[in-house]
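Its first residue numbered 21, the sequence shown is counted upward by one per residue in the working numbering.
Beta carbons are placed, not taken as given, at the ideal position from N, Cα and C, and that holds for glycine.
Structure first, then comments.
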Amino acid sequence: MKHTVTTLKQQKINGEKITMLTCYDYSTAKLMDESGAESLLVGDSLGNTMLGYPDTLAVTMEDMIHHCSAVRRGAKDALLICDLPFMSYQASVYDAVMNAGRLVKEGGAEAVKLEGGAEYAPQIRAIANAQIPVCGHLGLTPQSVNVFGGFKVQGKDETGAFKLMEDALAVQEAGAFAIVLECVPAELAALLTSLLAIPTIGIGAGNGTDGQVLVYHDMLAIYGGKSPKFAKIFADVGAVMKEGFAAYFRETKEGSFPAPEHSYCIDAELMEKLRAHYKR
Ligand code: KIV
């Protein structure tokens, strides 16, 4: 079944949890799609996971389009959402619409996501009016790391909690089809989820949201960096990969790889002839 912004909204109405994972390449997209992913997010977290930056600020539109189009080729049924990277929408509504359009036209995205609350309502409204579904992102918004002074839980004090609630209402009112809530207290996220008509997708926001998203490098333990508290490891793929790499290096050194079953044959008479010719 093809998942769309409409089916996600219907899942909220039905009380059926929404699943989302980050994805950055063709092969992983294919595996996730075949495993039943409902939505794939080409997150600007690719700056950390794929490009090794300390944060997402250096990620460009070209990076996002490059990875999104690879995911597009691997994803069939999952809804494909792509992040607008830092400074692709902050400066003007025009930038926001044109860059959202590039993610759709050049990256094959079916929806875009941007970080920020009421201050970006004009951008959200304009993107939605351009017929591009747009997802909000509130709480710990990594593009604001320098304003937050680090990667910290948001909405814990009175001012922060009220701001988060008002921002979410503004983002919904501007026309977003869903909101990602990152690193916010579970009870606050649950209250917000009960207030909003659009789905909330939590990451470090407890169990009361309409869906969950994780960075797949975290949940498969393949990211060399430090994983956040909320990122449960569902399979230690990192350890399996290291075992596989080490076994290949060992067998290559020993000469036990490649074995005959990994090699191609040639006619015995032809080999005789070659050996005689080259005296080997
Ligand atoms: O960039 C990203 O991967 C994200 C998720 C953490 C929601 O925005």
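Separation of tyrosine 284 and alanine 241 (C-alpha to C-alpha, rounded to the nearest whole angstrom) is 37 Å.
By alpha-carbon distance to alanine 251, the top candidate from Lys262, Pro74, Ala259 and Ile223 is Ile223.
For histidine 157, the uninterrupted beta strand (DSSP E) segment begins and ends at 154-159. Of all C-beta pairs linking the region 153-163 to the region 178-198, three or more are shorter than 8 Å, placing the two stretches in contact. In this structure lysine 32 touches aspartate 230 by the C-beta definition: roughly 5 Å separates them, less than 8 Å. Each residue's CA atom was taken as its position, placing serine 89 and alanine 138 some 30 Å apart. Look at threonine 27 here: in three-state DSSP terms it is helix. Here glutamate 36 carries a coil assignment [DSSP, helix/strand/coil]. Between the ligand KIV and the CB of glycine 63, the shortest heavy atom gap is smaller than 6 Å. Rounded to whole angstroms, the separation of the alpha carbons of threonine 179 and valine 167 is 16 Å. The beta carbon of valine 154 sits no closer than 6 Å to any heavy atom of the ligand KIV. It is roughly 22 Å from the alpha-carbon of alanine 98 to the alpha-carbon of glycine 67. The beta carbon of aspartate 103 is closer than 6 Å to those of Gly63, Asp64 and Lys133 in its chain, skipping five residues each way along the sequence. Its Cα nearest to that of serine 112, the residue Ile147 stands out among Ile147, Lys125, Thr26 and Gly169. Straight across, the Cα-Cα distance linking isoleucine 286 with leucine 294 is about 11 Å.
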